[in-house]
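Notes follow once the structure below has been shown.
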Amino acid sequence: MKKIMLCCAAGMSTSMLVQKMRNEATKRSLEIEIDAIPVSEIEGQLRYADVVLLGPQVQYELQRLTELSTPLGKPVAVIDMMDYGTMRGDRVLDKALALMA
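Structural data, given as structure tokens:
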């Protein structure tokens, strides 16, 4: 099963987006695990993810997490601010799926 991790400042602000992504994955009959974690815990969780998406508020972590994830073959990207702000779970799911392809 593929695993998508959304990463934000405290792991709380992405909870609603995670739920919308899970609902969209269910609609599409996709077996994907989607979780939100705080950026402070990403290093210990990185090996379990197939892709990591950063909330716009922690985009400053992109370079550091890319350096950590590259040897593991894990893509890292920032969620589009409009998609994040409007809770577009379908579009964020599409982005994650494209990065895993």
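If you count by the numbering used here, then the sequence shown holds residues 11 to 111, one letter each, in order.
No residue lacks a Cβ here, since even glycine has one placed at the ideal position from N, Cα and C.
From a predicted model like this one, the values you see are computed outputs, not experimental measurements.
Work out the CA separation of residue 31 and residue 16 for me, nearest whole Å. Here residue 16 is taken as the residue at index 6 of the sequence shown, counted from 1. Here residue 31 is taken as the residue at index 21 of the sequence shown, counted from 1. If you take the alpha carbons of residue 16 and residue 31, they lie about 10 Å apart.
If the criterion is Cβ atoms closer than 8 Å, does the pair residue 78 and residue 56 meet it? Along the sequence shown, one-based indexing puts residue 78 at 68. Along the sequence shown, one-based indexing puts residue 56 at 46. Contact: yes.
inquiry  = Given this structure, state the Cα-to-Cα distance separating residue 95 from residue 81, to the nearest angstrom.
reply    = By 1-based counting over the sequence shown, the position of residue 95 is 85. By 1-based counting over the sequence shown, the position of residue 81 is 71. Between residue 95 and residue 81, the C-alpha separation is close to 31 Å.
| query | Is residue 34 buried or exposed, if buried means 16 or more other CB atoms sit within 10 Å of its CB? | reply | Position 24 of the sequence shown holds residue 34. The residue is buried, with at least 16 neighbouring Cβ atoms inside 10 Å.
**OP:** Per DSSP, which residues does residue 87 bridge with? Please list them.
**Re:** As a working mapping, residue 87 is identified with position 77 in the sequence shown. 63, per the DSSP bridge assignment.
| What residue from 20, 98, 39 and 47 has the CA that sits closest to residue 14's CA? | To locate residue 14, count along the sequence shown from 1; it is residue 4. Ranking the options by Cα distance to residue 14, first place goes to 47.
Go to residue 43, then tell me how far its beta strand (DSSP E) extends in each direction, as first and last residue. As a position in the sequence shown, residue 43 is number 33, starting the count at 1. Where residue 43 is concerned, the enclosing beta strand (DSSP E) stretches over 42 to 48.
Residue 37 burial status per 10 Å Cβ neighbour count (16 or more: buried): Here residue 37 refers to the residue found at position 27 of the sequence shown. Counting Cβ neighbours within 10 Å, residue 37 comes out exposed, since fewer than 16 surround it.
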